[in-house]
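Taken in sequence, the protein lines are chains A and B. Quick note on numbering that gives the first Met the number 0: the first sequence kicks off at 0 and runs consecutively. Quick note on numbering that gives the first Met the number 0: the second sequence kicks off at 0 and runs consecutively. Each residue gets a CB set at the ideal place from its N, CA and C atoms; glycine is no exception. This report concerns only the one structure given below.
Number of protein chains: 2
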Amino acid sequence: MKKYEEIALDLQKKINKKEFTMKLPTEDQLIHTYQVSRNTIRNAINSLVKIGIVYPIQGSGMFIRPPKKENAICLNGTRGITVDSPSKEISTQVLELKIINADEKLSQSFHCDIGTPIYYIERLRFRDNQPFAIEYTYYNKDIIPYIGREIAEKSIYRYIKEDLKLTFGFSDKYLKVIKLNERDSSLLQLENGDPGLEIEDHVYLNNGQIFNISHIRYNYKLGYFYVSSI
Amino acid sequence: MKKYEEIALDLQKKINKKEFTMKLPTEDQLIHTYQVSRNTIRNAINSLVKIGIVYPIQGSGMFIRPPKKENAICLNGTRGITVDSPSKEISTQVLELKIINADEKLSQSFHCDIGTPIYYIERLRFRDNQPFAIEYTYYNKDIIPYIGREIAEKSIYRYIKEDLKLTFGFSDKYLKVIKLNERDSSLLQLENGDPGLEIEDHVYLNNGQIFNISHIRYNYKLGYFYVSSI
DNA sequence: TAGTGGTCTAGACCACTTT
DNA sequence: AAGTGGTCTAGACCACTAG
């Protein structure tokens with residue numbers, strides 16, 4: 000692991016253990032503690048600023064931000080639901096898993112040729128046994144060569160990162176409120192016509208390839224979301 | 000203005016004018032063009048990465064991301080609606096503007112004493128003459144000493160930045176889907192019980208002071224939102 | 001192998017806050 | 001005046017991509 004990553008992780012641990020009150024140590028102190036250059040310290044701190052856990056005040060210090068509200072799903076970052084709800088039990092029911100060929104619309108979205116094989120997956124996701132969200136997901140099979148039910152029932156993202164050793168780059172998320180159709184509302188155990196939040200997510204690898212497009216419709220009674228901005 | 004800010008602005012202009020295709024020039028080329036150090040170039044590029052308009056591929060270059068969908072309101076950043084809809088006409092009707100004293104709940108949210116004077120403002124906002132969102136907003140009067148109707152009818156954010164010369168730092172946004180009450184739905188020209196997206200926004204200055212808390216309820220037919228993640 | 005971005009070091013001076 | 005983060009320079013070596 001890189002020096003600045005290790006330092007960032009270590010600082011994060013110490014923040015969680017409340018070893019610092021209010022502020023981080025000064026840059027000079029951290030330089031001395033970790034025996035690295037100032038640039039490396041600033042790089043480490045910067046990654047904490049990015050994820051919204053500290054903020055800088057010039058001339059005064061790096062201040063620790065109050066912890067976020069529980070159970071709010073963080074929309075910054077390209078992680079799945081699982082990591083956002085550590086205290087909740089997430090389970091998944093796979094409704095559909097098949098390989099289709101990209102039509103014109105999909106081929107445009109994926110920047111691929113028409114006919115490219117694409118995994119199409121529908122999953123119903125539960126949080127503490129309550130139906131939480133329904134996912135309609137596409138994966139480019141040229142990039143993710145295999146997804147089986149045994150994987151889709153767990154975490155597809157974990158599989159892609161840890162088993163396929165691919166690295167996520169960035170994502171674009173588009174949000175809107177919709178009225179659920181009959182099927183979705185019944186799956187989410189809601190009334191027909193009840194609202195839902197639909198998030199359309201375009202996820203890219205760190206080489207700029209788009210590998211995943213998903214439409215997720217959240218149960219409006221359970222979905223609570225968080226965005227940290229700078 | 001700082002060197003890296005000027006370079007970032009210049010690059011952004013050139014991207015918009017399509018002077019670059021696919022990639023930015025290499026760091027070495029930019030060092031030569033702008034006659035600054037590599038660190039300054041990287042700092043400039045970094046600010047473009049942050050706002051999601053380029054992405055890096057190590058060993059290959061800095062690639063330009065495709066433009067975002069039109070009319071999507073960007074939730075990254077602490078800007079108002081106005082800047083997100085340059086081609087749309089935004090107008091505002093002030094429904095309420097008064098000074099109240101912080102009760103216990105408000106004093107906790109604002110980290111201020113009970114009784115601190117707080118501006119309370121209700122505004123109905125229109126986009127191209129369609130009722131677009133209703134805002135319930137609080138401003139700490141100790142930080143924003145004056146807000147009049149003439150300001151609230153325009154852009155309060157512009158006033159704070161340009162007239163008061165305050166600098167925004169960061170914000171926390173919490174999102175959920177609600178069913179609108181009778182008053183809100185009628186103001187937004189929707190049916191009673193129709194859904195809305197509620198965004199609770201906590202906005203901080205660059206010195207870490209929280210000066211604004213708002214609850215904005217968007218017309219579900221018009222609200223379309225965007226989050227760029229890394 | 002050459003090109004390009006990523007990490008790291010060492011040091012100078014500036015801007016802002018605190019005492 | 002002292003402390004602390006922000007900007008900027010100069011240079012070295014590493015990691016990854018592409019021809």
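Q) Given a threshold of 16 other Cβ atoms within 10 Å of its Cβ, counted over all protein chains shown, does residue 168(B) qualify as buried or as exposed? A) Buried, because 16 or more other Cβ atoms sit within 10 Å of the Cβ of residue 168(B).
Q: Would you mind giving the Cβ-Cβ distance between residue 212(A) and residue 137(A), rounded to the nearest angstrom? I have them listed as a contact below 8 angstroms.
A: Right, the Cβ-Cβ distance comes to about 5 angstroms (below 8 angstroms), so this counts as a contact.
Q: Could you give the DSSP three-state label for residue 25(A): helix, strand or coil?
A: It is coil, neither helix nor strand.
Q) From residue 125(B) to residue 210(B), what distance separates their C-alpha atoms? A) Taking the straight line from one Cα to the other gives about 24 angstroms.
Q) Where does residue 45(A) fall in DSSP's three states? A) It is helical.
Q) Can you tell which of 11(A), 123(A), 148(A) and 86(A) has the C-alpha that lies nearest to the C-alpha of residue 96(A)? A) The candidate whose alpha carbon is nearest that of residue 96(A) is 148(A).
Q. Out of curiosity, what's the CA-to-CA distance linking residue 27(A) and residue 9(A)?
A. Cα to Cα, residue 27(A) sits roughly 17 angstroms from residue 9(A).
Q. Taking C-beta to C-beta, are residue 177(B) and residue 163(B) nearer than 8 angstroms?
A. Not a contact, by the Cβ cut-off of 8 angstroms.
Q. What in chain A is Cβ-close to residue 71(B), meaning under 8 angstroms?
A. Per Cβ cutoff of 8 angstroms: 173.
Q: Grab me the residues of residue 33(A)'s own chain with a C-beta within less than 6 angstroms of its C-beta, minus the 5 sequence neighbours each way, in chain order.
A: For residue 33(A), where only same-chain residues beyond five positions count, the Cβ hits under 6 angstroms are 6.
Q: List the residues that DSSP assigns as beta-bridge partners of residue 97(B).
A: According to DSSP, residue 97(B) bridges with 119(B).
Q | Closer than 7 angstroms at the beta carbon, the chain B residues around residue 137(A) | A | Against chain B, a Cβ distance below 7 angstroms from residue 137(A) picks out nothing, because the smallest value is about 18 angstroms.
Q: State buried or exposed for residue 66(A), treating a residue as buried only when at least 16 other CB atoms are found within 10 Å of its CB.
A: Its Cβ having fewer than 16 others within 10 Å, residue 66(A) is exposed.
Q.
For a cutoff of 8 angstroms on Cβ pairs, would you count residue 228(A) as touching chain B?
A. Interface residue (Cβ-Cβ distance to chain B less than 8 angstroms): residue 228(A) is classified as such.
(Q) Counting only beta-carbon separations shorter than 8 angstroms, does residue 68(A) have a partner in chain B? (A) Output row for residue 68(A): interface = yes.
**Q.** Supposed contact pair residue 216(B) and residue 101(B) - C-beta distance, whole angstroms, cut 8 angstroms
**A.** About 23 angstroms; that fails the 8 angstroms criterion.
Q) residue 134(B): buried (16+ other C-beta within 10 angstroms of its C-beta) or exposed? A) The residue in question, residue 134(B), is buried, as its Cβ has 16 or more Cβ neighbours within 10 Å.
Q: For residue 56(A), decide whether its Cβ has a neighbour in chain B, counting only Cβ atoms nearer than 8 angstroms.
A: Judged by the 8 angstroms Cβ criterion, residue 56(A) is in contact with chain B.
Q) What do you get for residue 302(B), buried or exposed, if any count of 16 or more other CB atoms within 10 angstroms of its CB means buried? A) Past the boundaries of the shown model lies residue 302(B); chain B is included only from 0 to 229, so the question cannot be answered.
Q. Where does residue 91(B) land, buried or exposed, given buried means 16+ other C-beta within 10 angstroms?
A. So residue 91(B) ends up on the buried side.
Q: Measure the Cβ-Cβ separation of residue 171(A) and residue 201(A) and say whether it is below 8 angstroms.
A: Yes. Within cutoff.
Q | Chain-ordered chain B contacts of residue 106(A) [CB-CB under 9 angstroms] | A | Within chain B, no C-beta atom comes less than 9 angstroms from the C-beta of residue 106(A); the nearest is roughly 15 angstroms away.
Q. Helix, strand or coil: which one does DSSP assign to residue 151(B)?
A. In the displayed model, residue 151(B) falls within a helix according to three-state DSSP.
Q | Sequence-distant residues of the same chain with beta carbon closer than 7 angstroms to residue 221(A), five excluded per side | A | Answer for residue 221(A): 126, 129 and 131, listed in chain order.
Q: Excluding the 5 residues preceding and the 5 following residue 2(A) in the sequence, name in chain order all residues of the same chain whose CB lies nearer than 7 angstroms to its CB.
A: Taken in chain order, the residues that qualify are 35 and 39.
Q: Could you work out which residues of chain A lie near residue 222(B), taking near to mean beta carbons separated by less than 9 angstroms?
A: Within chain A, the residues placing a beta-carbon under 9 angstroms from that of residue 222(B) are 174, 175 and 176, ordered along the chain.
Q | Three-state class that DSSP yields for residue 64(B) in the structure shown | A | The answer is coil: DSSP assigns residue 64(B) none of H, G, I, E or B.
Q: For residue 190(B), collect the residues of the same chain with a Cβ closer than 8 angstroms to its Cβ; drop the 5 residues on either side in sequence, then sort them by chain order.
A: Take residue 190(B), set aside five residues on each side of it, and the residues of its chain with a beta-carbon closer than 8 angstroms to its own are 184, in chain order.
(Q) Taking the alpha carbon of residue 206(A) as the reference point, which residue from 153(B), 119(B) and 55(B) has its own alpha carbon closest? (A) The shortest Cα separation from residue 206(A) among 153(B), 119(B) and 55(B) belongs to 55(B).
Q: Could you please give the first and the last residue of the uninterrupted alpha helix (DSSP H) stretch that includes residue 134(B)?
A: Under the DSSP assignment, residue 134(B) falls outside any alpha helix (DSSP H), being part of the beta strand (DSSP E) whose first and last residues are 129-139.
Q: Decide if residue 37(A) is buried, meaning its Cβ has at least 16 other Cβ atoms within 10 Å, or exposed.
A: It is exposed - the Cβ of residue 37(A) has fewer than 16 other Cβ atoms within 10 Å.
Q.
I want to see whether chain A comes within less than 8 angstroms of residue 169(B), judged by CB atoms only; does it?
A. In terms of beta-carbon proximity, residue 169(B) lines the interface with chain A, with at least one pair separated by less than 8 angstroms.
Q) Whose Cβ in chain A lies nearer than 8 angstroms to the Cβ of residue 225(B)? A) From the beta-carbon of residue 225(B), the residues of chain A found nearer than 8 angstroms are 171, 172, 173 and 174.
Q. Residue 72(B) to residue 160(A), Cα distance in whole Å?
A. One C-alpha to the other measures close to 31 angstroms.
**Q.** chain B within 8 angstroms of residue 194(A), Cβ atoms only
**A.** With a threshold of 8 angstroms between beta carbons, residue 194(A) makes contact with chain B.
Q. List, in order along the chain, the chain B residues whose C-beta lies closer than 7 angstroms to that of residue 207(A)?
A. Chain B residues near residue 207(A): 54, 56 and 62.
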